[in-house]
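K.L.:
Take this structure first; my questions come after.
Protein chains in written order, with my numbering: chain V, 1 to 220; chain P, 221 to 440.
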């Protein structure tokens, strides 16, 4: 079936809901990153992941500041999104260290891409400010280097990580998709029921995910 | 026995050793703070501790930048200090959440105070830049509020935390003192053997610790 492409940019997401959801998401990504850093066996790797954690934390605090500007109490505004996002992380369970680094790389890539697209529909200057936060460089190139060093010449690591990348992409797409639950298009139709709108967005996210995997020499 | 007071300011600590030791210390304090944040049962508390973690992380990255300016590879320079500092944290074992918040408050207070004093002897503008990092406001007032709320009217919490504050002060003083191991005074005498120098510094640190405990209504 041919799907007509309709971007997300004409949607008008609720500012507080979008800010709060992504502020909580970045908090959870930050905690994941800190925990990966703390588990690094090598101090140089730990330093690399700590830098990434610092930048994700910068995203979180910038979004909390935007929420505060909107007159919200951040902790109260974020609360409704906590359970879903916590469940996302719990689903991965205990994994090897390199799997966790890959999760961090792939999840930040996919989710920041998605929310930056959705944020284009925020009102006035908020759109630009939000998107600047979401598209900030997190130092993912340094994660690629850590992963590439582990993959180089280790066929077992290559197949473990390829498997892991495939394992997490579905759950990560669901986190993105669930942000569309409450969004309606300009004619009042719930966006999640509009396949012509949702499908191309998910396909783009999957294509970018595949490029990240390719870059590491992993089959997506 | 009367002890003549000789401050630490005339000592000339090795810049790389001091920067590397405190960079690692702040990294470990940051990881402790992140882990406390992640264990908070209340999202507002989690936000408070995350903000403190962010500022400690800012100290760590500022010190790493100073190390890099000195031509050092930070991970390599920090390595010699990792085992001792890791042992410090391990000694506390698993504790209640409020105990961990108190540790964070007391340890950051005591150690940043101490290292700022020792840093006054660094060469040139490095002294000011180092001390600016060490004396930055970490938002400890917000930790005091979290703790005060828990203590208010809860005698069991009060006695638990009073005990805990006494439990950790000795180990924390040892972390400070071990930084004097390799430092010599202007006449070449190892500082750690000079009681007239070390005693008043430790006494000042203990007095400041007691004020932090008093502030919380806890017997030090």
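Yeah, the Cβ is synthetic: ideal placement off N, Cα and C, and Gly gets one too.
Drop a sphere of 10 angstroms on the beta-carbon of residue 76 of chain V, count the other beta-carbons inside from all chains shown, and report buried for 16 or more, exposed for fewer.
P.N.:
It is exposed - the Cβ of residue 76 of chain V has fewer than 16 other Cβ atoms within 10 Å.
K.L.:
Would you list the one or two residues that DSSP bridges to residue 404 of chain P?
P.N.:
DSSP, once it has assigned bridges, lists P/410 as partnering residue 404 of chain P.
K.L.:
Buried or exposed: which applies to residue 261 of chain P, given that a residue is buried once 16 or more other Cβ atoms fall within 10 Å of its Cβ?
P.N.:
Result: exposed.
K.L.:
By the criterion of Cβ-Cβ separation under 7 Å, what are the contact partners of residue 34 of chain V in chain P?
P.N.:
Per Cβ cutoff of 7 Å: 251, 254.
K.L.:
Are the Cβ atoms of residue 204 of chain P and residue 353 of chain P separated by less than 7 Å?
P.N.:
As displayed, chain P neither begins before 221 nor continues past 440, which places residue 204 of chain P out of reach and without an answer.
K.L.:
In or out: residue 279 of chain P buried (at least 16 other Cβ within 10 Å) or exposed?
P.N.:
Residue 279 of chain P should be labelled buried.
K.L.:
Does the segment 322–342 of chain P come close enough to the segment 377–397 of chain P that 3 or more CB-CB pairs lie under 8 Å?
P.N.:
Yes, they touch.
K.L.:
Can you tell me the Cα-Cα spacing of residue 33 of chain V and residue 259 of chain P, whole angstroms?
P.N.:
Whole-angstrom Cα-Cα distance: 15 Å.
K.L.:
Determine, for residue 47 of chain V, whether the minimum Cβ-Cβ distance to residues of chain P falls below 7 Å.
P.N.:
Answer yes: the Cβ-Cβ gap between residue 47 of chain V and chain P drops below 7 Å somewhere.
K.L.:
Using only alpha-carbon positions, find the residue among P/424, P/251, P/429 that is nearest to residue 327 of chain P.
P.N.:
When only C-alpha atoms are compared, the closest one is P/429.
K.L.:
Ordered along the chain, which non-local residues of its own chain (more than five positions away) have a Cβ less than 8 Å from that of residue 412 of chain P?
P.N.:
Once the five neighbours on either side are set aside, the close Cβ partners of residue 412 of chain P are 397, 400, 401, 403, 418.
K.L.:
Just to confirm the assignment, what range does the alpha helix (DSSP H) spanning residue 252 of chain P have?
P.N.:
Residues 235–258.
K.L.:
Give every residue of the same chain whose Cβ lies closer than 7 Å to the Cβ of residue 2 of chain V, excluding the five residues on either side of it in the sequence, and list them in chain order.
P.N.:
Low confidence applies here, because residue 2 of chain V scores a pLDDT of 48, under 50, leaving its location unreliable; read the following figure in that light. Answer for residue 2 of chain V: no residue qualifies.
K.L.:
Spell out whether any CB of chain P is found under 7 Å from the CB atom of residue 54 of chain V.
P.N.:
Cβ-Cβ to chain P under 7 Å: yes for residue 54 of chain V.
K.L.:
Determine the DSSP secondary structure at residue 80 of chain V, reduced to helix, strand or coil.
P.N.:
In the structure shown, residue 80 of chain V sits in a helix (DSSP, three-state: H, G or I).
K.L.:
Grab the span of the alpha helix (DSSP H) containing residue 8 of chain V for me, first residue to last.
P.N.:
Per DSSP, residue 8 of chain V belongs to no alpha helix (DSSP H) and is neither H nor E.
K.L.:
Would you mind working out which of V/21, V/51, V/216, V/15 sits nearest residue 151 of chain V, comparing C-alpha positions?
P.N.:
The shortest C-alpha separation from residue 151 of chain V is found at V/216.
K.L.:
Compute the beta-carbon to beta-carbon distance between residue 367 of chain P and residue 325 of chain P, rounded to the nearest angstrom, for a pair I have assumed lies under 8 Å.
P.N.:
That belief holds up - the Cβ atoms of residue 367 of chain P and residue 325 of chain P are roughly 7 Å apart, short of 8 Å.
K.L.:
Are any of the Cβ atoms in chain V nearer than 7 Å to that of residue 281 of chain P?
P.N.:
Answer yes: the Cβ-Cβ gap between residue 281 of chain P and chain V drops below 7 Å somewhere.
K.L.:
Identify each residue in the segment 70–84 of chain V for which the Cβ-Cβ distance to at least one residue of chain P is less than 7 Å, and report them in chain order.
P.N.:
Going along the segment 70–84 of chain V in chain order, one finds 74, 75, 78, 79, 82 with a Cβ nearer than 7 Å to chain P.
K.L.:
Are the Cβ atoms of residue 277 of chain P and residue 120 of chain V separated by less than 7 Å?
P.N.:
For residue 277 of chain P and residue 120 of chain V, no; Cβs fall outside 7 Å.
K.L.:
Given that residue 264 of chain P touches chain V, what residues does it touch there, using C-beta distances under 7 Å?
P.N.:
In chain order: 75.
K.L.:
Going along the chain, which unbroken runs of the alpha helix (DSSP H) with 4 or more residues stay wholly within the segment 331–393 of chain P?
P.N.:
You should have 346–354, 360–371.
K.L.:
To the nearest angstrom, report how far apart residue 206 of chain V and residue 171 of chain V are at their CA atoms.
P.N.:
Computed Cα separation, rounded: 12 Å.
K.L.:
Along chain V, which residues have their Cβ under 8 Å away from the Cβ of residue 277 of chain P?
P.N.:
50, 53, 54, 57, listed in chain order.
K.L.:
Is residue 38 of chain V close to chain P? Criterion is C-beta to C-beta, closer than 7 Å.
P.N.:
Cβ-Cβ to chain P under 7 Å: yes for residue 38 of chain V.
K.L.:
Using the beta-carbon of each residue, which ones in chain P are nearer than 9 Å to residue 174 of chain V?
P.N.:
By Cβ distance, chain P contributes nothing, its closest Cβ being about 22 Å from residue 174 of chain V, past 9 Å.
K.L.:
Considering Cα atoms alone, identify which of V/24, V/109, V/70 is closest to residue 125 of chain V.
P.N.:
The shortest C-alpha separation from residue 125 of chain V is found at V/70.
K.L.:
Check this for me: beta carbons of residue 329 of chain P and residue 432 of chain P, under 7 Å apart or not?
P.N.:
A contact, by the Cβ cut-off of 7 Å.
K.L.:
Let me confirm a value: residue 385 of chain P is counted as buried when at least 16 other C-beta atoms fall within 10 Å, else exposed. Which label applies?
P.N.:
Buried.
K.L.:
Do residue 37 of chain V and residue 50 of chain V count as a contact pair if the criterion is CB distance below 7 Å?
P.N.:
In contact: residue 50 of chain V and residue 37 of chain V (Cβ atoms closer than 7 Å).
K.L.:
Rounded C-beta distance between residue 79 of chain V and residue 263 of chain P? I'm assuming under 8 Å.
P.N.:
Rounded, the Cβ-Cβ distance is 6 Å, consistent with contact.
K.L.:
Measuring CA to CA, which of P/416, P/249, P/266 is closest to residue 307 of chain P?
P.N.:
Of the listed residues, the one whose Cα sits closest to residue 307 of chain P is P/249.
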